[in-house]
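Asker: Order-wise, the sequence lines are chains A and B.
Taking the numbering used here, I'd label the letters of the first sequence as residues 20 to 459.
Taking the numbering used here, I'd label the letters of the second sequence as residues 885 to 1070.
Every residue gets a Cβ at the ideal spot worked out from N, C-alpha and C, and that includes glycine.
All values derive from a computational prediction rather than experimental measurement.
The structure's right below; bear with me while I get my questions together.
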Amino acid sequence: MHQRWLAEQLPEWERDGIITAAGARLLRERYPVEPRGGLAQMIVGAVGALLVGTGLIAVLAYNWDDFPRWVRLGLALGPLAASQAASWWVLGRGESAKPWMRESAALVQTLAVGAAMALVSQIYNLPGTWTDLVFWWCLVAVPLAWVFRSDAVAIAYLIGIAVWTVAQAEAHGSWFSRGDVADVRIWFPLLLSGILPRWPGPNLHDRPQPGSRLVLAGSVLVGLLAVAAYAGIRPREPNNASFWLAMLSGAAVLLFPLERSGIEEPLSRKPQVLLGGCTVLGLALIATYEDPARELVKSVGFGLPLGWCWLLLAVVAGFAILAYRQGRFAELAIAAVALVPLLAAPLSAPDASGWPVAIASSLVLLATAIALIALEFIGYRGAARIGAALITLLVILRMADAGVSLLVKGLAFIVIGSGFLGFNAFVSRRRAAAPGGTPA
Amino acid sequence: MRPAAIVFAIAVAAQWIVPLSGIWLQERTIARGVALRIECAAPDPYDPLRGRYLAVQPAEVKLAAPAGMPDADVVPVWATLVAGDDGLSRIESLALEPVAGPTVIRLSGVKRRSGEAGDEALLTWPFDRFYLNERLGPDADRIVAERFRAGSRPVAEIRVFEGRAVLTDVLLDGVSIREVVKEPRT
């Protein structure tokens, strides 16, 4: 993506005398633009491969029990061999292979190996959950995402490892915990590192497309929340540190370091900021109620002895320092909410009412919202609309559970809604009036 | 050879090793294992990747815990099965250490305190499902339920070899469930 942007800028830079023709040629050679082959072609290729592959799985899953075992094994392994041969042919074409060919070959082979494993499992009535199968499927398929630079396989891999991690955390938390539950505190980071050869790739320059970014951020967040549940819960014990660990996980995702160009991008292209921020703010909003507030403070006490908790704190601290240096104050303001329970815990007596913490959570969220608005008005990169939305949400929540008549609540909602819409229009006009600004 | 080709070759090898290792282990057990029959129950669930199956749960899932079984943790236990006069095999003994024998199966167990009756071991068998054709699955489910209500319990036919068990068939009144569901209804 950056290469394409660079290639588009070079002629203008040459015209304006910013760089010489030789310099432009050097840059073109150093950052070649991969022929895109058309997004439509890629999508059609991926959809076609998906249909072929899922059709294959469905046909095999029919369970042809009229055939002898060796015929069924042949049905399972034959398509795998054929898809591997086709992939080898595509690989042999090297750079002349169109992106849609690489994508299709990788996806069909991925689905063929999944079908083969599922059918072998079916033929021999193998036990185990379907998520166990997903784990092995992910392991043997992810190299195809690297070799063929396949986004579809990378996305499937990310979804697969998130699903498997959630399944492990769920099995760990159940009363009859299985003995073979994997320690996802180790496995999830390991599995996640499997995507590195695709993004950022060996040259450290490959960036996921916006849609892939969303899946990447979502999978990381879901996986980390599952790890938080795994690390925070001990089977058959009431202690639960997951609440706070989940907030810290959200803060870590929110503060994930960005390049300078990434900071300038709109929020819609930074799903990790959106999802991480929503997680932190969502959990903090839940903690504005008495019982969850008490549980949140308790979870700090249960969490502090855990190694995973300290690892998360270290990661959040490291990311926060980088974010501070880059002037990402809005993200820092939201992430700081996750540290409030740590400050509240020593001040709260065991078995005390949750109300002081709930009220403190409300006030902290209000302060965060004001900070998000103020940042924008004093010339920093803020998030005025999100701040306004947060204030609106807080007022709505407090009004909803207030003991006042429906008429008063209705009128209050009308006033709040009008104020929010008015503020939204004001921010839009202000941004449009700024130099080089557009209504946002 | 290019690095991409090497990675691809390793991936292809792994894609064959995973299913083939499963095939090899199961085929060895089927070919060389001892055939046993175990009474069980069989409700009807669905696996999103592998299709319809009968959930197979052997009747013996709770037995007196062997001495020294640890609390809370799931641990491997070795069950020695012995065939009765009715042709059905039942667990004769449980051990926490590996036991040699042609009818020994490695199970998973967790200890549960059971009041006056003493400690119990809750057992998990190394097979829990029998896959069926999508077309036959609903009929199999219905027939198993009907026969179960009439007092006839399904029987799991397994092969046992070196502690490993493979489920080869589920029988209803001595006849394979696959044959039973293909019989015309009277």
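My output table needs one value for P375/A: the three-state DSSP class, helix, strand or coil.
Answerer: Against the first sequence, residue 375/A aligns to sequence position 356. The answer is helix: DSSP assigns P375/A an H, G or I state.
Asker: What runs of the alpha helix (DSSP H), each 4 residues or longer, lie entirely inside the segment 348 to 418 of chain A?
Answerer: With a minimum length of 4 residues, the continuous alpha helix (DSSP H) runs that stay inside the segment 348 to 418 of chain A are 348 to 355, 359 to 363 and 374 to 396.
Asker: Can you name the residues that DSSP bridges to Y1015/B?
Answerer: For the purposes of this step, residue 1015/B is identified with residue 131 of the second sequence, where counting begins at 1. DSSP output for Y1015/B lists Y937/B as bridge partner(s).
Asker: On the DSSP bridge list, what partners appear for L965/B?
Answerer: On the second sequence, residue 965/B is found 81 positions in, with the first residue counted as 1. DSSP lists I975/B as partners of L965/B.
Asker: Could you check what DSSP says for A1005/B in three-state terms: helix, strand or coil?
Answerer: On the second sequence, position 121 is the one that residue 1005/B refers to. Strand.
Asker: How should P257/A be labelled, buried or exposed, when 16 other C-beta atoms within 10 angstroms of its C-beta is the threshold for buried?
Answerer: Your numbering for residue 257/A matches position 238 in the first sequence. P257/A comes out exposed.
Asker: Could you work out which residue in E1046/B, V1039/B, A1049/B and R1048/B is closest to A925/B when comparing CA atoms only?
Answerer: Along the second sequence, read from residue 1 onward, the residue named residue 925/B stands at position 41. Looking at the Cα atoms, V1039/B is the closest of the given residues.
Asker: For the candidate residues A349/A, C297/A and A336/A, whose alpha-carbon lies nearest to that of I282/A?
Answerer: As a working note, residue 282/A is residue 263 in the first sequence. Ranking the options by Cα distance to I282/A, first place goes to A349/A.
Asker: Can you tell me whether T73/A is buried or exposed, with buried defined as 16 or more other CB within 10 angstroms of its CB?
Answerer: Against the first sequence, residue 73/A aligns to sequence position 54. Exposed, because fewer than 16 other Cβ atoms sit within 10 Å of the Cβ of T73/A.
Asker: Identify each residue in the segment 139 to 173 of chain A for which the Cβ-Cβ distance to at least one residue of chain B is less than 9 Å, and report them in chain order.
Answerer: Listed in sequence order: V139, S140, Q141, I142, Y143, N144, L145, P146, G147, T148, W149, L152, V153, W155, W156, L158, V159, A160, V161, P162, L163, W165, V166 and F167.
Asker: At the 8 Å Cβ level, is A68/A part of the contact set with chain B, yes or no?
Answerer: Locating residue 68/A in the first sequence gives position 49, where the first residue counts as 1. No, because no Cβ of chain B sits closer than 8 Å to the Cβ of A68/A.
Asker: Can you list the residues of chain B that D84/A reaches, using a CB-CB cut of under 9 Å?
Answerer: Counted from its first residue, the first sequence places residue 84/A at position 65. Ordered by position in chain B, the residues that pass the 9 Å Cβ test against D84/A are Y1015, L1016, N1017, L1020 and R1062.
Asker: Could you check the C-alpha separation between L177/A and G230/A for me, to the nearest Å?
Answerer: Here residue 177/A refers to the residue found at position 158 of the first sequence. Here residue 230/A refers to the residue found at position 211 of the first sequence. For L177/A and G230/A, the distance between alpha carbons rounds to 13 Å.
Asker: What residues match up with E991/B in a beta bridge as DSSP calls it?
Answerer: For this step, residue 991/B is matched to residue 107 along the second sequence. Looking at the sequence shown, residue 991/B is not Glu but Leu. V961/B.
Asker: Quick check: is the beta carbon of M120/A nearer than 8 Å to any beta carbon in chain B?
Answerer: Position 101 of the first sequence, counted from the first residue, corresponds to residue 120/A. No, because no Cβ of chain B sits closer than 8 Å to the Cβ of M120/A.
Asker: Do R204/A and V246/A have their CB atoms nearer than 8 Å?
Answerer: One-based indexing of the first sequence puts residue 204/A at position 185. One-based indexing of the first sequence puts residue 246/A at position 227. In contact: R204/A and V246/A (Cβ atoms closer than 8 Å).
Asker: Which residue's Cα is closest to the Cα of A173/A: Q187/A, L126/A and F207/A?
Answerer: Here residue 173/A is taken as the residue at index 154 of the first sequence, counted from 1. The candidate whose alpha carbon is nearest that of A173/A is L126/A.
Asker: CB V1050/B to CB I914/B, shorter than 8 Å?
Answerer: By one-based count along the second sequence, residue 1050/B stands at place 166. By one-based count along the second sequence, residue 914/B stands at place 30. It is a contact, given that the beta carbons lie within the stated cut-off.
Asker: Tell me which same chain residues have a C-beta within less than 6 Å of the C-beta of P1010/B, skipping the five on either side of it?
Answerer: Residue numbering aside, residue 1010/B sits at position 126 when the second sequence is read from its first letter. Counting only Cβ-Cβ distances below 6 Å, and skipping sequence neighbours, we find A1049.
Asker: Cβ of P942/B less than 8 Å from any chain A Cβ?
Answerer: Residue numbering aside, residue 942/B sits at position 58 when the second sequence is read from its first letter. Not closer than 8 Å to any Cβ of chain A, the Cβ of P942/B fails to qualify, so no.
Asker: Could you pull the DSSP bridge partners for A188/A from this structure?
Answerer: For the purposes of this step, residue 188/A is taken as the residue at position 169 of the first sequence. A188/A is not bridged to any residue.
Asker: Taking 6 Å as the limit between beta carbons, can you name the residues of its chain near L300/A, skipping five residues before and five after?
Answerer: For the purposes of this step, residue 300/A is identified with residue 281 of the first sequence, where counting begins at 1. No residues qualify anywhere along the chain.
Asker: By DSSP, does V896/B sit in helix, in strand, or in coil?
Answerer: Translated into the one-based positions of the second sequence, residue 896/B becomes position 12. If DSSP states are grouped into helix, strand and coil, V896/B belongs with the helices.
Asker: Determine whether the Cβ of G961/B lies closer than 8 Å to any Cβ atom of chain A.
Answerer: Translated into the one-based positions of the second sequence, residue 961/B becomes position 77. At residue 961/B the sequence reads Val, which differs from the Gly that was named. Answer no: the Cβ-Cβ gap between V961/B and chain A never drops below 8 Å.
Asker: Can you list, in chain order, the residues of its chain with a C-beta nearer than 8 Å to that of D957/B? Leave out the 5 residues immediately preceding and following it.
Answerer: In the second sequence, counting from the first residue as 1, residue 957/B sits at position 73. Closer than 8 Å at the Cβ level, and outside the excluded window around D957/B, lie V994.
Asker: Using a Cβ cut-off of 7 Å, pull out every chain A residue sitting near V896/B, in sequence order please.
Answerer: In the second sequence, the residue the question calls residue 896/B occupies position 12. The answer, in chain order, is Q103.
Asker: Determine the direct distance from the alpha carbon of A371/A to that of S1036/B, and round the result to whole angstroms.
Answerer: Walking along the second sequence from the start, residue 1036/B turns up at place 152. Walking along the first sequence from the start, residue 371/A turns up at place 352. C-alpha separation (whole angstroms): 58 Å.
Asker: P1010/B touches chain A at which residues, Cβ-Cβ below 8 Å?
Answerer: Within the second sequence, numbered from 1, the residue matching residue 1010/B stands at position 126. Going along chain A in sequence order, the residues near P1010/B (Cβ under 8 Å) are P146.
Asker: Could you pull out every residue in the same chain whose Cβ sits closer than 6 Å to the Cβ of Q291/A, ignoring the five residues on either side in sequence?
Answerer: For this step, residue 291/A is matched to residue 272 along the first sequence. A236, V272 and F275, listed in sequence order.
Asker: Taking Cβ-Cβ distances shorter than 9 Å, what residues in chain A pair up with V1050/B?
Answerer: Here residue 1050/B refers to the residue found at position 166 of the second sequence. Near V1050/B (Cβ distances below 9 Å), the residues of chain A are Y143, N144 and L145.
Asker: State the CB to CB distance for the pair E923/B and A943/B, rounded to an integer number of angstroms; the pair is presumed to be in contact (CB under 8 Å).
Answerer: If you number the second sequence from 1, residue 923/B lands on position 39. If you number the second sequence from 1, residue 943/B lands on position 59. That belief holds up - the Cβ atoms of E923/B and A943/B are roughly 5 Å apart, short of 8 Å.
Asker: Does P903/B have its Cβ less than 8 Å from a Cβ in chain A?
Answerer: As a first step, residue 903/B must be located in the second sequence, where it is residue number 19. Cβ-Cβ to chain A under 8 Å: yes for P903/B.
Asker: Among the candidates P162/A, H191/A and I252/A, whose CA atom is the shortest distance from the CA of R217/A?
Answerer: As a working mapping, residue 217/A is identified with position 198 in the first sequence. Answer by Cα proximity: P162/A.
Asker: Does the beta carbon of L376/A sit closer than 8 Å to a beta carbon anywhere in chain B?
Answerer: Stepping through the first sequence from its first residue, residue 376/A is reached at position 357. It should be pointed out that residue 376/A corresponds to Val in this sequence rather than to Leu. Output row for V376/A: interface = no.
Asker: According to the neighbour-count rule (16 or more other Cβ atoms, all chains shown, within 10 Å of its Cβ), is T39/A buried or exposed?
Answerer: Here residue 39/A corresponds to residue number 20 of the first sequence, with the count starting at 1. Under this definition T39/A is an exposed residue.
Asker: So is V446/A in contact with chain B if we call contact Cβ pairs under 8 Å?
Answerer: The residue given as residue 446/A occupies position 427 in the first sequence. False, the Cβ-Cβ gap to chain B never drops below 8 Å.
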